[in-house]
Amino acid sequence: MKTLKNMFIACMVFSSLALFGQTENSLAIQEDGTFQIPSTNLKEVYSIDISSLELNSIEEAVEFFSEKNTNLIMFRPNADGTTATVFLQINRKPEWSVSDWNNTISDINLLEQ
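Using the working numbering, read the sequence shown as starting at 483 and increasing by one per residue.
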């Protein structure tokens with residue numbers, strides 16, 4: 483019983499850490515359809531809430547984001563239909579700061595079809 487209790491506590495701790503890590507790398511779509519990378523540490527992977535885009539299927543989401551992808555920024559909708567993963571191709575522009583990435587991202591509007 484004690485082993486089961488310890489396993490449960492360990493699972494709760496690790497799942498909390500995973501959730502904290504995901505929240506830290508989360509992006510939000512602004513009212514004007516843009517989004518920005520926070521001015522904290524630059525990451526290669528972020529999660530963005532896409533539920534406001536009202537995409538009807540994963541297929542529709544894949545098609546929508548395929549038109550938004552660039553050679554520096556790629557989107558992959560997740561199966562849940564409410565989030566997408568944003569990949570920054572940092573290795574192509576290793577000298578860029580968060581500000582440089584946000585300048586490039588500002589050209590992407592997620593509300594425009």
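Think of the CB as a built atom: it goes at the ideal place given N, C-alpha and C, for glycine as much as any other residue.
Would you identify the three-state DSSP class for residue i, choosing helix, strand or coil?
{"i": "ILE555", "result": "strand"}
{"i": "PHE569", "result": "strand"}
{"i": "ASP589", "result": "coil"}
{"i": "ASP582", "result": "helix"}
{"i": "ILE540", "result": "helix"}
{"i": "SER497", "result": "Because the pLDDT at SER497 is just 42, under 50, the model does not fix this residue reliably, and the point stays unresolved."}
{"i": "SER548", "result": "helix"}
{"i": "LEU535", "result": "helix"}
Using the Cα positions of residue i and residue j, report the straight-line distance between them to the nearest angstrom.
{"i": "GLU513", "j": "PHE547", "result": "18 Å"}
{"i": "SER588", "j": "THR552", "result": "12 Å"}
{"i": "ASN560", "j": "ASN523", "result": "24 Å"}
{"i": "TYR528", "j": "MET556", "result": "11 Å"}
{"i": "THR565", "j": "ASN538", "result": "13 Å"}
{"i": "SER579", "j": "GLY563", "result": "30 Å"}
{"i": "ILE572", "j": "GLY515", "result": "23 Å"}
{"i": "ASN591", "j": "LEU570", "result": "16 Å"}
{"i": "ILE599", "j": "ASN507", "result": "Only positions 483 to 595 of the chain appear in this structure, which leaves residue 599 out of reach."}
Considering only DSSP beta bridges, list what residue i is partnered with.
{"i": "ILE530", "result": "LEU509 and ALA566"}
Which whole-angstrom value describes the C-beta separation of residue i and residue j, a residue pair presumed to lie in contact below a C-beta threshold of 8 Å?
{"i": "LEU554", "j": "LYS525", "result": "Not confirmed; about 14 Å, so no contact."}
Are the segment 579 to 587 and the segment 528 to 548 touching by the rule of at least three beta carbon pairs closer than 8 Å?
Output reads no: the segment 528 to 548 does not touch the segment 579 to 587.
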